[in-house]
Structure formats: C-alpha cells, structure tokens
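Comments concern the structure below.
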Amino acid sequence: MIDAMDFDRAPFRAELFDAELFRAEVDAQPWASYTHAYGSAEDVPGCLRALAGDDDAAAEEAQSELYGSILHQGSVYEASAKAVPFLARIAAAGIRTADVLLLIGGIAEGGTDPDPGSG
Numbered sequence: 001m002i003d004a005m006d007f008d009r010a011p012f013r014a015e016l017f018d019a020e021l022f023r024a025e026v027d028a029q030p031w032a033s034y035t036h037a038y039g040s041a042e043d044v045p046g047c048l049r050a051l052a053g054d055d056d057a058a059a060e061e062a063q064s065e066l067y068g069s070i071l072h073q074g075s076v077y078e079a080s081a082k083a084v085p086f087l088a089r090i091a092a093a094g095i096r097t098a099d100v101l102l103l104i105g106g107i108a109e110g111g112t113d114p115d116p117g118s119g
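Note that the UniProt record's numbering has the sequence shown beginning at 1, numbered continuously upward.
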C-alpha cells in the first residue's frame with residue numbers, strides 16, 4: 001500500500017523545479033511551426049505554462065486543451081512529441097503528476113492522424 005501522499009504537488013520535487021527556466025525553454029521552441037489536431041500548435045506553450053503553474057482552474061483548462069489538441073481522440077501529432085519532454089519535467093517535479101503521466105501515456109499509445117489540422 002502506498003502511504004498517503006499528495007502526488008499532485010509533492011513539495012520535495014517541486015522545489016527542484018525552476019519555473020523561470022521551464023518557461024524560457026518552452027518559449028524557445030518554434031511551436032507555431034508544429035502541428036496538432038487543429039493546425040498550428042502556437043497555443044501549446046501557454047497550456048504547458050498553465051499546467052505547471054499554481055492556478056488549479058487554469059491548469060485543469062490547460063490539461064483539457066492539451067487532451068483536445070495534442071492527443072485528440074487518440075491521435076498524436078508533431079506537437080505531441082515536442083510536448084512530452086516538458087510534460088515529463090512537470091510530472092517529475094511532482095506537479096499534477098498522475099494527470100500528466102496519464103497524458104504522456106496516452107501520447108505513447110496514440111496513433112497518427114492522417115489529416116492533421118482538420119480537427
């Protein structure tokens with residue numbers, strides 16, 4: 001049995017997470033040149049920043065948007081692969097770990113969409 005623990009925000013890991021560096025590295029990617037279910041992935045960095053942030057409502061909305069765009073109905077896209085390292089860093093930091101790992105798992109199991117951008 002696992003001891004009672006808050007896996008959504010484990011402080012022993014979150015303190016190792018450099019949010020400023022994370023945001024800079026997310027923003028350094030050419031997201032607008034990547035695609036997801038609805039075309040340009042220019043919205044993905046905002047979702048990743050929100051998912052890693054402290055605003056629970058914004059994080060839930062971002063997670064929903066990511067499920068709809070980078071893991072749309074089980075399909076994955078170029079932006080899906082590009083988002084995985086950032087999602088892994090969020091999970092490793094103990095931030096919404098279970099939810100983020102489920103998203104990563106879905107991406108790992110997903111298939112390709114033959115017509116990305118037709119959403």
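Glycine residues also receive a C-beta, built at the ideal position from the N, C-alpha and C atoms. Values in this document were obtained by computation on a predicted structure and should not be read as measured data.
Burial state of residue i (16 or more Cβ within 10 Å)
i: A83; result: buried
i: G105; result: exposed
i: P45; result: buried
i: A50; result: buried
Cut-off 8 Å between Cβ atoms - residues of its own chain near residue i, not counting five sequence neighbours on either side
i: G111; result: G74, S75 and V76
i: A79; result: W31, Y34, T35, H36, A41, V44, S69 and I70
i: P85; result: none
i: E65; result: D43 and C47
C-alpha gap between residue i and residue j, whole angstroms
i: D27; j: L87; result: 14 Å
i: Y67; j: L103; result: 7 Å
i: D8; j: A59; result: Confidence at D8 is low in this model, with a pLDDT of 49, below 50, so the placement of that residue is unreliable and no value is reported for it.
i: A57; j: D99; result: 14 Å
Endpoints, alpha helix (DSSP H) assigned at residue i
i: L16; result: L16 -> no alpha helix (DSSP H), and no H or E assigned at all.
i: Q29; result: Here Q29 belongs to no alpha helix (DSSP H), and DSSP marks it neither H nor E.
i: I90; result: E78 to A92
6 Å Cβ shell around residue i - same chain, five flanking residues per side excluded
i: A19; result: none
i: H72; result: A37
7 Å CB neighbourhood of residue i in its chain, flanking five on each side removed
i: A52; result: A19, F22, I90 and I95
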